[in-house]
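Oh and the sequence shown: position 158 is 494 in our numbering, straight run, nothing missing.
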Amino acid sequence: MKPVGIRQIGQHGALAAVNHDEAAREDFIASMYFAVQANVFPGNRLAYDRRVRPEFERGHGRAPEDRHEIRRAMAGEPLFQWWSGLRRTTQEMKQATGEELVHRQIGKINEEVARINRTGIGTLRLDPGLPLPGYASKVDFHGQPGGYYAERCAEDTTPAAIYDPGVFVLTKGFMGPYCEAAGASAIGFLRERFPDFEPKTILDIGCSVGHSTVPYSITYPEARIDAIDLSAPMLRYGYARANSLGHLIHFSQQNAEATDFPSGSFDLVVSHIVLHETSRRALRNIFAECQRLLAPGGLMLHVEQRQNEGLEAFEQFYYDWDTLNNHEPFWGTLHDTDLAELAADVGFATSDIFQKMVPNVVSADLLRSQIDEGQDFKRTSTWLAFGAQKKS
Ligand SMILES: C[S@@+](CC[C@H](N)C(=O)[O-])C[C@H]1O[C@@H](n2cnc3c(N)ncnc32)[C@H](O)[C@@H]1O
């Protein structure tokens, strides 16, 4: 697969401009990531099978038992160090490039966002007094400098202006031109599993800049859509982005662990790639809040990357790379968590809990279910759809 270029990103009014040199750098970074994964990464397995595991077995009289033992054994392996260093460097180059291109024009972006938002459809409700939980504010997730929350001036959108095109570059466009794949894939799943479900009220938690929120507005144009996040810069930017794309969405700055919406307000509560950035305690609180917010018959649906269950120890080892090397401290913990047990714990009936690996859907096939029961999902699936229905 060839990486797409930064210029193929879906355009909207708040997006940073990219000049020739910046585009070349972004495209180089995407290509470098592909090259590292295609040419260096496979060597890890060879090194493990031929050198690291036999040596471990000689020393311990048994094979490594889990990913932690494999990680410790692989830490001294030069090929692993080389691959890991290259991957980390690629990520740092991406963040540096994104920061640089946004900093040279952030005044203009902030002005444009404010201009769009002055006449916006929908609403934007910010709460400057909202306490930021440490699990969110103390981590620069995936190495983004300043994380999601650093505000460098009044009405700032810097974290969002970096994050938005950054997701496109880091995922090499595989999430679609508007990075819509997590939302679109969730909708594909809903269409397949609950074909008659037509939510009138939808809440997207941890919406960030609204990449996944907009597909709900496209698919359910009659529904009232709320989107919440802890980050004011993300919400300002997300509101402008939605407005510039013509979508009526109500954004508010709230903690998904305890929102101000009345109980039973929503037919559908969704999150996309949020849970792996929350602590274990917050995860439980978020599930409990989803349960409270759902109307009878309503659905909770979380889209994430896959769990560790079903992966062999070596696969878990490299899947877990982000936990220690990419500022994702909750990554491995989430992937080890029994989500069904947690959902049952907050009040969902075990028989109403569901999970499925679903394929990646991008805008070209946004409204078409991609689910083919005949497919081998272990190879082709991309997202975990986990959720539960609140029957009464
Ligand atoms: C990876 S981004 C989510 C991306 C977005 N959902 C999408 O699909 O494009 C994670 C977001 O979750 C937000 N977040 C984390 N914990 C939260 C919480 N307790 N309440 C609300 N938002 C939260 C962060 O501020 C951040 O913007």
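Quick reminder that beta carbons are idealized off the backbone N, C-alpha and C, glycines included.
Three-way DSSP call (helix, strand, coil) for residue i in this model
i, result
"PRO632", "strand"
"GLY512", "coil"
"GLN431", "helix"
"GLN711", "Note that GLN711 has pLDDT 32, beneath the 50 cutoff, so the model's placement of it is unreliable and the number below is only indicative. Coil."
"GLU640", "strand"
"SER687", "helix"
"VAL682", "coil"
"ALA353", "coil"
"GLN344", "helix"
"ASP532", "coil"
"ILE457", "coil"
"LYS692", "strand"
"SER553", "helix"
"SER473", "helix"
"GLY412", "coil"
"TYR369", "helix"
"VAL505", "helix"
"SER728", "coil"
"ALA490", "coil"
"HIS547", "coil"
"ASP500", "helix"
"PHE623", "helix"
"THR614", "coil"
"PHE481", "Checking the sequence, you will find Pro at residue 481 rather than Phe. PRO481: coil per DSSP, three-state reduction."
"ASP308", "Limits of the chain in this structure are 337 at one end and 728 at the other, which puts residue 308 out of reach."
"HIS583", "coil"
"VAL697", "coil"
"GLN441", "coil"
"ARG704", "Only weak support is given to the placement of ARG704: the predicted model assigns it a pLDDT of 34, under 50, and the question is left unresolved by the model."
Beta strand (DSSP E) segment containing residue i, residue limits
i, result
"PHE602", "602 to 608"
"GLN725", "719 to 725"
"PHE587", "586 to 589"
"GLY560", "Note that residue 560 is Arg in the sequence shown, not Gly. Residues 560 to 565."
Contact test: residue i Cβ vs ligand 1 heavy atom, cutoff 6 angstroms
i, result
"GLY483", "no"
"THR614", "yes"
"LEU539", "no"
"GLY542", "yes"
"LEU415", "no"
"ASP565", "yes"
"SER548", "yes"
"ALA520", "no"
"GLU593", "yes"
"ILE609", "yes"
"MET570", "yes"
"ALA472", "yes"
Short Cβ contact (7 angstroms threshold) for residue i with residue j
i, j, result
"VAL605", "MET636", "yes"
"ASP656", "ARG403", "yes"
"LEU526", "ARG642", "no"
"VAL388", "GLU413", "yes"
"LEU539", "ASP562", "yes"
"ASP476", "HIS663", "yes"
"PHE597", "LEU629", "yes"
"PRO551", "GLY519", "yes"
"GLY512", "VAL694", "no"
"ALA352", "LEU437", "yes"
"GLY634", "LYS726", "yes"
"GLY458", "HIS586", "yes"
"ALA739", "ASP603", "Any property of residue 739 remains undetermined from this structure, which presents the chain solely from 337 to 728."
"THR659", "ARG572", "no"
"ALA497", "ILE445", "yes"
Range of the contiguous alpha helix (DSSP H) that encloses residue i
i, result
"ALA518", "517 to 529"
"THR537", "THR537 -> not in any alpha helix (DSSP H); beta strand (DSSP E) instead, spanning 537 to 541."
"THR595", "Per DSSP, THR595 belongs to no alpha helix (DSSP H) and is neither H nor E."
"PHE653", "649 to 655"
"ARG665", "Correcting the residue type first, residue 665 is Pro in the shown sequence and not Arg. Where PRO665 is concerned, there is no enclosing alpha helix (DSSP H), given that its DSSP letter is neither H nor E."
"GLU391", "389 to 396"
"GLY465", "No alpha helix (DSSP H) holds GLY465; DSSP gives it neither H nor E."
"ASN579", "568 to 580"
"ARG386", "ARG386 -> no alpha helix (DSSP H), and no H or E assigned at all."
Distance cut-off 6 angstroms: residue i Cβ against heavy atoms of ligand 3
i, result
"MET511", "For ligand 3, the structure offers nothing, since it holds only ligand 1."
Cβ-Cβ separation, residue j to residue i (assumed contact under 8 angstroms), whole Å
i, j, result
"ALA592", "ILE622", "5 angstroms"
"ARG381", "PHE653", "Rounded, the Cβ-Cβ distance is 10 angstroms, inconsistent with contact."
"HIS396", "SER580", "With a Cβ gap of about 59 angstroms, HIS396 and SER580 do not count as contacting."
"THR433", "ILE541", "Not confirmed; about 30 angstroms, so no contact."
"ILE342", "ASP363", "6 angstroms"
"PHE533", "HIS612", "So it is not a contact: roughly 26 angstroms between Cβ atoms."
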